[in-house]
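Numbered according to this note's numbering, the sequence shown terminates at residue 304, and the numbering increases by one at each position without gaps.
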Amino acid sequence: DSLADNYNPEANWDDGSCTYPDNGDYSLSFDGEDDYVSTGISYTELFGAEEISISALFNWISEDNTYPYTQGILSNISSGDSQIELALDVDVPNGDKKLILTWADESTMDSPAMQHTLFDYEIINFGEWYNIKVVLSNNHVYWYLNDLLVETDDVTFTTLGRESPNVPDLNIGRANRYDNYDTYFNGLIDSLSISINDGNIIGYWNFNAGVSDTLYDHSGNGNHGAIEGAQWGGCTDPLDENYLENAEVD
55 DSLADNYNPE ANWDDGSCTY PDNGDYSLSF DGEDDYVSTG ISYTELFGAE EISISALFNW
115 ISEDNTYPYT QGILSNISSG DSQIELALDV DVPNGDKKLI LTWADESTMD SPAMQHTLFD
175 YEIINFGEWY NIKVVLSNNH VYWYLNDLLV ETDDVTFTTL GRESPNVPDL NIGRANRYDN
235 YDTYFNGLID SLSISINDGN IIGYWNFNAG VSDTLYDHSG NGNHGAIEGA QWGGCTDPLD
295 ENYLENAEVD
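This is how it looks when you write it as structure tokens:
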């Protein structure tokens with residue numbers, strides 16, 4: 055991988071030893087306006103999966119008071135051309151703010167019939183860090199908070215399908231892309247991963263580079279993200295022991 059710190063131009067095959075910049079406990083700050091990361095991951099890499107697991111460490115800062123759409127954490131959704139999404143739902147009953155998982159099931163292939171379920175165990179508050187893992191498998195969704203299983207939902211899930219062959223690539227920090235919906239995430243993401251079929255990691259981003267406009271994938275698959283607008287977050291106080299010199303947002 056030419057983006058790795060230890061890239062060897064004479065190597066003929068990848069032995070899994072690639073390392074990437076790790077300059078401290080950084081995160082990415084998304085402004086809720088137009089920031090996102092494009093991973094380039096095609097829906098075909100997830101298509102047909104019997105199990106999908108998404109893990110995220112995030113801090114939600116604010117909803118959009120003008121256009122209260124869902125805010126995406128990880129998504130390849132565009133109305134009519136969708137597959138899977140983990141997002142923050144700002145329009146659930148009683149005004150609660152909750153995580154929502156949405157997916158296309160193989161049983162409704164190439165038709166607009168997305169499935170979804172809410173994480174009812176926990177209301178997501180602004181300004182707090184959440185360590186979440188969600189697993190979609192065998193007609194169930196398993197929700198983990200701080201590595202503890204706290205909720206199991208009965209759902210319709212056989213294998214991961216699609217709404218059409220025109221599903222966009224997987225993005226971090228925004229949800230539905232149809233007609234320029236304002237579904238951008240407003241907050242911080244510190245770690246994110248997605249895997250299929252009992253641990254086959256598709257992408258793992260630890261957000262610790264703190265430099266450049268590349269979000270490095272540590273899965274070994276080279277699914278590095280192109281950062282569009284999001285800024286590196288961390289401690290900006292030079293007198294603090296956690297000070298990070300490249301942090302743009304505290």
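Cβ coordinates follow ideal geometry from the N, Cα and C atoms, glycine included. Please read all numbers here as calculations on a predicted model, not as lab measurements.
Confirm, please, whether the CB-CB distance from residue j to residue i is below 7 Å.
i           : j           : result
residue 232 : residue 129 : no
residue 284 : residue 101 : no
residue 153 : residue 173 : yes
residue 279 : residue 93  : yes
residue 171 : residue 207 : yes
residue 184 : residue 205 : no
residue 80  : residue 241 : no
residue 298 : residue 281 : no
residue 245 : residue 82  : no
Out of curiosity, what's the CA-to-CA distance linking residue i and residue j?
i           : j           : result
residue 304 : residue 161 : 45 Å
residue 58  : residue 149 : 45 Å
residue 103 : residue 295 : 44 Å
residue 155 : residue 64  : 43 Å
residue 248 : residue 221 : 17 Å
residue 136 : residue 127 : 15 Å
residue 187 : residue 61  : 32 Å
residue 66  : residue 55  : 11 Å
residue 260 : residue 291 : 22 Å
Nearest by alpha-carbon distance to residue i: which of the options is it?
i           : options            : result
residue 123 : 236, 282, 258, 283 : 236
residue 86  : 140, 229, 94       : 229
residue 243 : 200, 113, 88, 103  : 113
residue 178 : 145, 216, 64       : 145
residue 211 : 218, 192, 199, 217 : 192
residue 88  : 195, 76, 118, 206  : 118
residue 68  : 281, 282, 274, 290 : 274
residue 91  : 262, 272, 227      : 227
residue 116 : 194, 238, 259, 260 : 238
residue 138 : 168, 254, 252      : 168
Which of the three DSSP states is assigned to residue i in this structure?
i           : result
residue 223 : coil
residue 264 : coil
residue 64  : coil
residue 279 : strand
residue 165 : coil
residue 149 : helix
residue 232 : helix
residue 105 : strand
residue 99  : helix
residue 176 : coil
residue 160 : helix
residue 206 : strand
Can you name, in chain order, every residue of its own chain whose Cβ lies under 7 Å from the Cβ of residue i, other than the five neighbours on each side?
i           : result
residue 95  : 223, 224, 256, 257, 277
residue 300 : 77, 264, 265, 286
residue 70  : 274
Beta-carbon of residue i versus every beta-carbon of chain B: anything under 7 Å?
i           : result
residue 259 : Although the question refers to chain B, the structure presented lacks it and comprises just one protein chain.
Might you give, ordered along the chain, the residues of its own chain that have their beta carbon closer than 8 Å to the beta carbon of residue i, omitting 5 neighbours on each side?
i           : result
residue 213 : 102, 103, 104, 159, 160
Tell me whether residue i counts as near the ligand MG, meaning its Cβ is closer than 6 Å to at least one heavy atom of that ligand.
i           : result
residue 235 : No copy of the ligand MG occurs in the structure displayed, which carries no ligand at all.
Here's a check: name, in chain order, each residue in its chain whose Cβ is nearer than 6 Å to the Cβ of residue i, leaving out the five neighbours to either side.
i           : result
residue 107 : 189, 249
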